[in-house]
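For the sequence shown, the numbering used here assigns the number 24 to the initial residue and increments by one for each residue that follows. Note that the Cβ used here is the ideal one computed from N, Cα and C, for glycine as well. Written out below as structure tokens is the structure these notes cover.
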Amino acid sequence: MSLDRRSFLVAAGAAVAGGALAAPAIVRAATPVKMTLPWLPLGTFSYTFVAKKMGFWESRGLDVTIDRGFGSGKVCVPVDQGQYDFGILDLAVMMNCVGRDLDLVAIAGLWPRSPIGIFSLKEYNITAPKALEGERVAFDVGSGDFQLWPAFVKATGIDDGKVTKVTMDAAALIKALAEKQVKAEGNFFGSIAPSLWAQGLEINSL
């Protein structure tokens, strides 16, 4: 804890005048900070829990609360409205939110490459965006991949009208792909890859 010059002089003077009596310690309440993840507390976000467990934030006077998220697309609004002080989300999604006049500022970059993508089982051989035409592609409407789909369509030149978009709850996405209800889906690499690998399934990503 640091003291300003005046506080230091007062404390020093009291110590000299009091002889063996020590100056009373100055106790300051920790500053509450609320932060939301973009999704479940996966290994990708372990650093936040390590910092809390090891007392890194507490030692700096911060009382940090970490909440799970429900998709990058749903992080922007609660941060903009002041429900959270900080939110972790895909940068491209944040830029999209700023384009909708939300008052957000990016203060750090965590990933050299976005973990958001369109994933399919390797057996389908979907290795180019054009291959999505004529197929069923699943999304959770609150996820970052769904927010970025229009930009993906524009950048790749695929015919959006030829893609059958199936919306569902995020918890059902991986099962839908594994059980071959859809040919591809938008998801977060850290969520989908380990889950499908554990089932012996290989994936392609766009």
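Whole-angstrom distance between residue j and residue i, CA atom to CA atom
i, j, result
"A207", "K76", "38 angstroms"
"T150", "I226", "10 angstroms"
"A45", "E81", "Unreliable positioning characterises A45 in this predicted model, as indicated by a pLDDT of 49, which lies under 50. The coordinate reading is nonetheless provided below. Between A45 and E81, the C-alpha separation is close to 25 angstroms."
"G165", "P61", "10 angstroms"
"N210", "L155", "15 angstroms"
"A221", "L63", "18 angstroms"
"V102", "D108", "6 angstroms"
"I130", "A52", "25 angstroms"
"L85", "D126", "24 angstroms"
"K145", "D183", "22 angstroms"
"L229", "I197", "16 angstroms"
"A115", "R123", "13 angstroms"
"V176", "N119", "15 angstroms"
"P217", "V205", "19 angstroms"
"L224", "R83", "45 angstroms"
"G105", "K153", "41 angstroms"
"K185", "M58", "39 angstroms"
"T71", "F79", "10 angstroms"
"G157", "D192", "22 angstroms"
"G66", "F169", "23 angstroms"
"G15", "I181", "The structure shown does not extend to residue 15, since the chain is modelled only from 24 through 229, so no value can be given for it."
"D163", "P173", "15 angstroms"
"A74", "L133", "15 angstroms"
"L171", "T190", "15 angstroms"
"L219", "S95", "21 angstroms"
"R91", "A195", "18 angstroms"
Member of the options whose CA lies at the smallest distance from the CA of residue i
i, options, result
"D113", "S82, G140, T71 and K153", "G140"
"T54", "A115, Q170 and V87", "V87"
"E202", "V121, N119 and S143", "S143"
"L200", "I181, Y147 and F68", "Y147"
"F93", "V186, G167 and G223", "G167"
"F286", "I89, L127, I181 and G223", "The shown model of the chain, from 24 to 229, leaves out residue 286, and the question about it has no answer."
"A161", "A115, V56 and I215", "I215"
"S137", "F72, D163 and M117", "M117"
"V121", "L133, G132, V100 and P135", "V100"
Beta-carbon gap between residue i and residue j smaller than 8 angstroms
i, j, result
"G110", "V128", "no"
"T187", "R159", "yes"
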